[in-house]
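Here is the structure we will look at.
Protein chains in written order, with the working numbering: chain A, 3 to 285; chain B, 671 to 1055.
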């Protein structure tokens, strides 16, 4: 068997998968986005830019998404980093595995079920009832943007913890010893060595969480009480409720473009930071 | 109702309703937001058959696929059907008429029977998605037994496309512990209370048909209005009320039960269940009017198990079977034969069978109300505001 045929056969399953599950659906979305809605909904072939011209009608949904996705990513990072640091650097080898498994355990249950648990926790008989006991009364948590943020950080935290953990775990401890020998205080060593070395983990974690948040739909629908409206929610309504497939396709295509642009800017930024890291690690 | 038929006691009825209530965690909204609407459950034959049925002679295949609403059938009836015919009933549960329509428009659903609401039927006929029913295959269908009000939407241009299942109303539930003795009886009160005394406690459906329709009633406009100036008034009201709402969700039972919400738009069955468990929660029909609806059985074009589809519809129309259905789901039926088998307490229930003066101003949803693009966009602006 020639090398060419072998390579072809090895790549064929993945290629076929991407063609059927990614390229073709994306092509359908793009074609639909230039069409029109039928009188009873659905899609009528046409060539018009009307759907794209109508995009401002979903500006609020895009704005909400573009606010929440970075906020949620940063919140997840701030909470995940110390945890990952603790797991990678501080915890003894004996406990490491157990604690890592505990981080994954929530993934064994569907995010849907866990979000329902949050509905109860944040509802009037949950945390607000406890706070009422210590004198903080009439606190409304459920169906607020805060509840959505809590749900999102909770749901995506492991995706942030693991990449950072991996990059910190690989950190050569001798570099920190060397820094100490040369008179660096622990904080200086962290800022100049540990943090830069973990940037690839931070970059990966942020990217994973950010991309998922851009398309997030379930958590706002459940914990936002339908009042917190993202592009994901707009898309579901457009396809399943008003059945405006043409406009829905234009919104979906725009979301993909917005994500491509944001992610490529982000990657370039990270690459630049990564170069900085090389300089630092030579120190 | 004849006196000698003591089909079921009051107490038994309440037990049945309670059973229904317990099964009610999964509601329309849940299905909507999770996409679990397409989740299927194959109900096998387990319960022995109690009664012999007519007209199911011959082989109809080993299964029939039914697309319907949550908690809308007694599973024991499906078991009985399987026992009788050998066809297992596979149930697909849906969250909204729009979702059903979207699936049928996309094609190849594999459904044999589905349960559309009155205002969708002309659209299904116009889109050539359902077939005219062959009444010869439905011996249990007796058109004279139905109140025409709840049966007429099944016929389009004189052809029968759908036979009636159950009907109901869209009103609102309110927790009278918080009303301070004020008697609620109008949509005007609903919307005014929602942005005043009940700020942070009111809920509206995540459903343009009812939420916009009932906002239109505030001004005395038609529930079905697609007039742009009238819709603009409704939009102003909705945007004004939105910051005061507890939620925009069709899953209102949990919030009403927990006390987080004090008032919510509601359908008959939910109103009945809440009132049964918590008598302080009452079900109100706005005196200005609002929605009355009727669900139907229909057969999609190209149903893969057509014979079994007719057999299933015919079986469910059997008054004895239908009475069990009603006792299970708590929605009224328009079939006189079935009502004759139901307990007096149910037929006199003011939530299930409201007084005529409350019923007469109610409107059936119109096809254009469902498909009007302006109403859909209004709802999107309301939700994203």
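Idealized CB from N, CA, C, for every residue including glycine. Nothing here was measured: the structure is a model prediction, and the numbers come from that model.
Next on the checklist: Can you check whether the C-beta of residue 242/A is within less than 8 Å of a C-beta belonging to chain B?
Outcome noted: The residue given as residue 242/A occupies position 240 in the first chain. For residue 242/A, the answer is yes, since a Cβ of chain B falls inside 8 Å of its Cβ.
Checklist entry - Got a sec? Which residues, its chain only, sit under 6 Å from residue 881/B by beta carbon, not counting five neighbours each side? => result On the second chain, position 211 is the one that residue 881/B refers to. Cβ neighbours of residue 881/B beyond the five flanking positions: 874 and 875.
Checklist entry - Does the Cβ-Cβ distance between residue 832/B and residue 824/B come in under 8 Å? => result Translated into positions along the second chain, residue 832/B becomes position 162. Translated into positions along the second chain, residue 824/B becomes position 154. Contact: yes.
Checklist entry - How big is the Cα-Cα spacing for residue 879/B and residue 1019/B? => result By 1-based counting over the second chain, the position of residue 879/B is 209. By 1-based counting over the second chain, the position of residue 1019/B is 349. Spanning the two alpha carbons is a distance of roughly 26 Å.
Item to check | Per DSSP, the bridge partner or partners of residue 872/B | outcome: As a working note, residue 872/B is residue 202 in the second chain. Note: residue 872/B sits in a beta bridge opposite 915/B and 933/B.
Checklist entry - Closer than 8 Å, CB to CB, is residue 136/A near chain B or not? => result Your numbering for residue 136/A matches position 134 in the first chain. Closer than 8 Å: no.
Checklist entry - By the 10 Å Cβ neighbour count, where 16 or more other Cβ atoms means buried, how is residue 5/A classified, buried or exposed? => result Mapped onto the first chain, residue 5/A falls at position 3. It counts as exposed.
Checklist entry - Using DSSP with H/G/I as helix, E/B as strand and the rest coil, what is residue 136/A? => result For the purposes of this step, residue 136/A is taken as residue 134 along the first chain, with counting starting at 1. Coil, per DSSP.
Next on the checklist: residue 225/A and residue 124/A - do their beta-carbons sit closer together than 8 Å?
Outcome noted: To locate residue 124/A, count along the first chain from 1; it is residue 122. To locate residue 225/A, count along the first chain from 1; it is residue 223. For residue 124/A and residue 225/A, yes; Cβs fall inside 8 Å.
Item to check | Under 8 Å by beta carbon: chain B residues contacting residue 29/A | outcome: For the purposes of this step, residue 29/A is identified with residue 27 of the first chain, where counting begins at 1. Per Cβ cutoff of 8 Å: no residues; residue 29/A is ~17 Å from chain B at best.
Next on the checklist: So that I know if they touch, is there some Cβ in chain A lying closer than 8 Å to that of residue 916/B?
Outcome noted: Taking the second chain and counting its residues from 1, the one referred to as residue 916/B is at position 246. Answer yes: the Cβ-Cβ gap between residue 916/B and chain A drops below 8 Å somewhere.
Checklist entry - With C-beta atoms as the reference, is residue 746/B less than 8 Å away from residue 785/B? => result Numbered from 1 along the second chain, position 76 holds the residue referred to as residue 746/B. Numbered from 1 along the second chain, position 115 holds the residue referred to as residue 785/B. No. Outside cutoff.
Next on the checklist: Going by DSSP in three states, residue 749/B sits in which element: helix, strand or coil?
Outcome noted: As a working mapping, residue 749/B is identified with position 79 in the second chain. Note: residue 749/B maps to helix in three-state DSSP.
Item to check | Under 7 Å by beta carbon: chain A residues contacting residue 870/B | outcome: Counting from 1 along the second chain, the entry for residue 870/B is found at position 200. The contacting residues are 142.
Next on the checklist: Please list, in chain order, the residues of the segment 61-80 of chain A that have any C-beta partner in chain B closer than 8 Å.
Outcome noted: 62, 63 and 66
Checklist entry - Across which residues does DSSP place residue 963/B in a beta bridge pair? => result As a first step, residue 963/B must be located in the second chain, where it is residue number 293. Paired residue(s): 838/B.
Checklist entry - Would the segment 938-951 of chain B and the segment 889-900 of chain B be scored as touching if the rule is three or more Cβ pairs under 8 Å? => result no
Checklist entry - What's the gap between the Cα of residue 59/A and the Cα of residue 916/B? => result For the purposes of this step, residue 59/A is identified with residue 57 of the first chain, where counting begins at 1. For the purposes of this step, residue 916/B is identified with residue 246 of the second chain, where counting begins at 1. Rounded to the nearest angstrom, the two C-alpha atoms are 25 Å apart.
Checklist entry - List, in order along the chain, the chain B residues whose C-beta lies closer than 8 Å to that of residue 164/A? => result Start at 1 with the first residue of the first chain, and residue 164/A comes out as number 162. Chain B residues near residue 164/A: none, gap ~26 Å exceeds 8 Å.
Checklist entry - Any chance the CB of residue 215/A is under 7 Å from a heavy atom of the ligand GTP? => result This structure does not include the ligand GTP; it has no bound ligands of any sort.
Next on the checklist: Tell me which residues share the same chain as residue 700/B and place their Cβ nearer than 6 Å to its Cβ, disregarding the 5 neighbours each side in the sequence.
Outcome noted: The residue given as residue 700/B occupies position 30 in the second chain. Note on residue 700/B: pLDDT 40, under 50, position unreliable in the model; the coordinate value appears next. Excluding sequence neighbours, residue 700/B sits near 921.
Next on the checklist: Taking a contact to mean a Cβ-Cβ separation below 8 Å, would you say residue 953/B touches residue 1021/B in this structure?
Outcome noted: For the purposes of this step, residue 953/B is identified with residue 283 of the second chain, where counting begins at 1. For the purposes of this step, residue 1021/B is identified with residue 351 of the second chain, where counting begins at 1. Contact flag set, yes.
Checklist entry - Any residues in the segment 24-54 of chain A with a beta carbon nearer than 9 Å to a beta carbon of chain B? Which ones, in chain order? => result 39, 40, 41, 42, 43, 44 and 45
Checklist entry - From residue 807/B to residue 981/B, what distance separates their C-alpha atoms? => result For the purposes of this step, residue 807/B is taken as residue 137 along the second chain, with counting starting at 1. For the purposes of this step, residue 981/B is taken as residue 311 along the second chain, with counting starting at 1. Approximately 7 Å, taken between the alpha carbons.
Item to check | Span separating the alpha-carbon of residue 77/A from that of residue 127/A | outcome: Counting from 1 along the first chain, the entry for residue 77/A is found at position 75. Counting from 1 along the first chain, the entry for residue 127/A is found at position 125. Between residue 77/A and residue 127/A, the C-alpha separation is close to 26 Å.
Checklist entry - Which two residues bound the contiguous alpha helix (DSSP H) that contains residue 1039/B? => result In the second chain, the residue the question calls residue 1039/B occupies position 369. First-last of the alpha helix (DSSP H) with residue 1039/B: 1037-1041.
Item to check | Given residue 927/B as reference, the closest of 905/B, 950/B and 913/B once Cα atoms are compared | outcome: Numbered from 1 along the second chain, position 257 holds the residue referred to as residue 927/B. The shortest Cα separation from residue 927/B among 905/B, 950/B and 913/B belongs to 950/B.
Next on the checklist: Assuming the contact rule is C-beta atoms closer than 8 Å, residue 1004/B and residue 817/B should be a hit. Round their C-beta distance to whole Å, please.
Outcome noted: As a position in the second chain, residue 1004/B is number 334, starting the count at 1. As a position in the second chain, residue 817/B is number 147, starting the count at 1. Between residue 817/B and residue 1004/B the Cβ distance is about 5 Å, and since that is below 8 Å, they are a contact.
Next on the checklist: If we define contact as Cβ-Cβ less than 8 Å, is residue 157/A a contact residue for chain B?
Outcome noted: Taking the first chain and counting its residues from 1, the one referred to as residue 157/A is at position 155. It does not: the Cβ of residue 157/A has no partner Cβ on chain B nearer than 8 Å.
Checklist entry - Ordered along the chain, which non-local residues of its own chain (more than five positions away) have a Cβ less than 6 Å from that of residue 885/B? => result Taking the second chain and counting its residues from 1, the one referred to as residue 885/B is at position 215. Counting only Cβ-Cβ distances below 6 Å, and skipping sequence neighbours, we find 904, 907 and 908.
Item to check | Proximal residues of chain B, C-beta to C-beta of residue 254/A below 7 Å | outcome: Position 252 of the first chain, counted from the start, is the residue given in the question as residue 254/A. None at all; the shortest Cβ gap to chain B is about 15 Å.
Item to check | residue 708/B - DSSP class collapsed to helix/strand/coil | outcome: In the second chain, counting from the first residue as 1, residue 708/B sits at position 38. With a pLDDT of only 35 at residue 708/B, under 50, the local geometry of the prediction cannot be trusted, and the value read off the model is given with reservation. Looking at residue 708/B - three-state DSSP - the assignment turns out to be helix.
Checklist entry - What residues of chain A sit near residue 796/B, judged by a beta carbon separation below 8 Å? => result Reading the second chain from its first residue, position 126 is the one you call residue 796/B. Under the 8 Å cutoff, chain A gives 42.
Checklist entry - Fully enclosed by the segment 155-222 of chain A, which alpha helix (DSSP H) runs are 4 residues long or longer? => result 175-183, 188-191 and 201-216
Item to check | residue 719/B, buried or exposed, once every other Cβ within 10 Å from all chains shown has been counted against 16 | outcome: Taking the second chain and counting its residues from 1, the one referred to as residue 719/B is at position 49. With a pLDDT of only 39 at residue 719/B, under the threshold of 50, the placement of this residue in the model should not be trusted; the figure read from the coordinates follows. Exposed.
Item to check | In chain order, each alpha helix (DSSP H) run of at least 4 residues that lies wholly inside the segment 752-791 of chain B | outcome: 767-776
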